[in-house]
Amino acid sequence: MEDKIRVLIEEDEVDAKISEIAGKISEKYAGKTVHLICVLKGGAFFMCELSKRITVPVTMDFMTVSSYGSNTVSSGNVKIKKDLDESIEGKNVIIVEDIIDSGRTLKALCELLWTRKPASMEVCTLLDKPDRRVVDMKVDYTCFNIPDEFVVGYGLDYDQKYRNLPYIGVVEV
Numbered sequence: 736m737e738d739k740i741r742v743l744i745e746e747d748e749v750d751a752k753i754s755e756i757a758g759k760i761s762e763k764y765a766g767k768t769v770h771l772i773c774v775l776k777g778g779a780f781f782m783c784e785l786s787k788r789i790t791v792p793v794t795m796d797f798m799t800v801s802s803y804g805s806n807t808v809s810s811g812n813v814k815i816k817k818d819l820d821e822s823i824e825g826k827n828v829i830i831v832e833d834i835i836d837s838g839r840t841l842k843a844l845c846e847l848l849w850t851r852k853p854a855s856m857e858v859c860t861l862l863d864k865p866d867r868r869v870v871d872m873k874v875d876y877t878c879f880n881i882p883d884e885f886v887v888g889y890g891l892d893y894d895q896k897y898r899n900l901p902y903i904g905v906v907e908v
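736 is the number of the first residue of the sequence shown in the numbering used here; add one for each residue after it.
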């Protein structure tokens, strides 16, 4: 049976907002290099599109982290499944996320990465569910605040499906 997907944010809106955020990053880091850290898997689509639009030099790396274990609620204890390939010491780091929910995992990840002595660190997310936040978490760049619905597309999946949708959709039940 095929899942029904309702479009929440159209592809052209997503593209326009990514360009806007990339412009802000490019302006802030004029004359510098930014080091993007993608939180896999969901953040890959967003980071690729974002990096293409940033006009300052960009380097990138990838991490896979988990704080859920076998639970459906984040514990906030980050388990690194794939660590960075390079040191971030002295770099202007931007963590790129697909979606921020409770904020527990991201906050723990930021605390861990600060111990690695970057010159600066910011957070950029495609989607944010601020109503679900349970920890105080600063997000520097947000493309869209969304309601508490289960979303797919642009890297976000439902049972590993729908990551490749060019828009943000809601799985209807």
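Even glycine gets a Cβ: it sits at the ideal position worked out from N, Cα and C.
query: When the distance is taken between beta carbons, is Glu907 closer than 7 Å to Lys739?; result: yes
query: Which word fits Asn806, buried or exposed, when buried means at least 16 other C-beta atoms lie within 10 angstroms of its C-beta?; result: For Asn806, the pLDDT reaches just 44, beneath the cut-off of 50, and the residue's location in the model is therefore unreliable, leaving the point undetermined.
query: What are the boundary residues of the beta strand (DSSP E) that Ser855 is part of?; result: 855-863
query: Where Leu743 and Val905 are concerned, what is the direct C-alpha to C-alpha distance, given to the nearest angstrom?; result: 6 Å
query: Counting beta carbon pairs with one atom in the stretch 820-836 and one in the stretch 846-866, are three or more of them shorter than 8 Å?; result: yes
query: Ordered along the chain, which non-local residues of its own chain (more than five positions away) have a Cβ less than 7 Å from that of Leu891?; result: Gly777, Asp833, Ile834, Arg898
query: Just to confirm the assignment, what range does the beta strand (DSSP E) spanning Met798 have?; result: 793-801
query: Sort out for me which residues DSSP pairs Phe879 with in a bridge.; result: Leu862
query: Glu784 by DSSP, collapsed to three states: which one?; result: helix
query: Three-state secondary structure (DSSP) at Ile830?; result: strand
query: Check for me: the beta strand (DSSP E) holding Glu884 runs from which residue to which?; result: That residue, Glu884, is in no beta strand (DSSP E); it is neither H nor E in DSSP.
query: For a test of the three-state rule: what should DSSP assign to Ser809, helix, strand or coil?; result: Because the pLDDT of Ser809 is 49, which lies under 50, any placement of that residue in the model is unreliable, and the question is left without a value.
query: For Ala765, is the classification buried or exposed, using 16 other Cβ atoms within 10 angstroms of its Cβ as the cut-off for buried?; result: exposed
query: In the DSSP output, which residue or residues are listed as bridge partners for Leu889?; result: Correcting the residue identity first, residue 889 is Tyr in this sequence and not Leu. Per DSSP, none; premise fails for Tyr889.
query: Quick one: grab the DSSP three-state call for Ile815.; result: strand
query: Out of curiosity, what's the CA-to-CA distance linking Met736 and Gln895?; result: Annotation note: pLDDT 49 at Met736 (below 50); position unreliable, coordinate value reported separately. Going from the Cα of Met736 to the Cα of Gln895 covers about 16 Å.
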